[in-house]
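Just below is one structure, and these are the notes that go with it.
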Amino acid sequence: RPRVLSGIQPTADSFHFGNYLGALRQWVDLQEEYEPFFFIADLHAITVEQDPKVLRERTLRAAAQLIAMGIDPARSSIFIQSQVPEHAQLGWVLQCLTGFGEARRMTQFKDKSAKGGEGAASVGLFTYPILQAADILLYRPHYVPVGEDQRQHLELTRDLAHRFNTRYKKTFRLPEPYILKATAKITDLQDPTAKMSKSASSPSGIVEMLDDPNVSAKKIRSAVTDSEAVVRFDPENKPGVSNLLTIYSALSGRTVADLEEEYAGRGYGDLKKELAEVVVEFVTPFRERTLELLDDQAYLTEVLRQGAERAGAVAEATLRDVYQRVGFVAVA
Ligand code: AQP
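Start counting the sequence shown at 15; every next residue gets the next number (our numbering).
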């Protein structure tokens, strides 16, 4: 079966609706047809300072959430990035193939380092997209399901794969991003032209999957809309309402057109109230399941051990090819 691969950082106590609707929901669907590798990106997490105890907790919470949302450990390899050392090892080789200017063009570094000034950002944050290229290329996947914000990093991954293949020998598959247009950018509930983001959004702009469902409902009911009072999908002119329709459609499985029709002639109050109910219905069982899984750490760590074992076997074989092609002498 063709492979898919993706990762998520354990840098919050909960995933948010942007992560889930933009990327994670696709992970669940893709398990049917593909051989999936999904990892928790703890190496990426330390590009900014982390409290070690909190990082460990969040890593296990991330694994619990993935399973609770429907990633099936029997079909998918779920693993922790740092448990497969080949990620960092291939990362180094790829850093040596990347131009400084090329790395500098990555806009996410510019955005994320803008706050504290470039001098305050770590070199790891700067080279993050190159490690990400290694994460992907090790598994030679066909598709990488991500949100729109990752498109530029995927381009770099393809460039590096092509460069390695032409400089040495064809080794890597050029992966395609798998981005669902409808949910590629879930926006902030309070600032609906910006992406919903754990580092940039205010608490009222972001819906956390593990929040108290009543809190999430309240956030939906207080979402920023506009003064036209017509429920119509128009991201350009009505970003707030359009974002609510996107979330509604994704969670309910109903089309946006169908929702527009249902709310024709009704106010935003009805739309928000009913979407809030849909959200509560969705997050309540998810939250319960996650908490149950977190109570069974032995099960979680066993899933992660098996995931790392399966991933490690693939990663080891790829790295062996790479080291040989680069000219490293194999262990006798
Ligand atoms: N608002 C979003 N809409 C659609 N997709 C999104 N993703 C993140 N936000 C949105 C997708 O979630 C996946 C996990 O990404 P990550 O582990 O890199 O998480 P992140 O980028 O740290 O999450 P944030 O909230 O976006 O963090 P900050 O604010 O730190 O940048 C990816 O596939 C991503 O596309």
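Ideal placement from N, C-alpha and C gives every residue a C-beta, glycine not left out.
Owing to the predicted nature of the structure, the values given are computational and were not obtained by experimental measurement.
What runs of the alpha helix (DSSP H), each 4 residues or longer, lie entirely inside the region 108-172? 114-118, 121-128, 137-151
Proximity test, Cβ basis, 9 Å: L265 and chain C: Judged by its chain identifiers, the structure shown contains no chain C, having just a single protein chain.
If you compare alpha carbons, which of A135, R118, R119 is closest to T126? It should be pointed out that residue 126 corresponds to Lys in this sequence rather than to Thr. Nearest option by C-alpha distance: A135.
Kindly give me the distance between the Cβ atoms of D56 and T73, rounded to whole angstroms, as I take these residues to be in contact under 8 Å. 6 Å
Sequence-distant residues of its chain with Cβ nearer than 8 Å to Y313 (five each side left out): L307
Starting from P24, trace the beta strand (DSSP E) in both directions and tell me its first and last residue. Element bounds for P24: n/a, residue is neither H nor E.
DSSP-derived helix/strand/coil call for Y313: helix
Sort G267, R70, Q320 by Cα distance to T25 and report the nearest one. R70
Close-in-space but distant-in-sequence residues of the same chain around S96 (CB under 6 Å, 5 per side omitted): Only D56, L57 meet the Cβ criterion.
Which listed residue (S241, F186, I261, K252) has its alpha carbon closest to that of I383: Because the chain here runs from 15 to 346, residue 383 falls outside it and cannot be looked at.
Within the continuous alpha helix (DSSP H) that includes I193, where are the two ends? Per DSSP, I193 belongs to no alpha helix (DSSP H) and is neither H nor E.
List in chain order: all unbroken alpha helix (DSSP H) runs of 4+ residues lying wholly within the region 17-58. Unbroken alpha helix (DSSP H) runs of no fewer than 4 residues, entirely contained in the region 17-58, are found at 39-44, following chain order.
If you draw a straight line from the alpha carbon of F93 to that of A59, how long is it in whole angstroms? 15 Å
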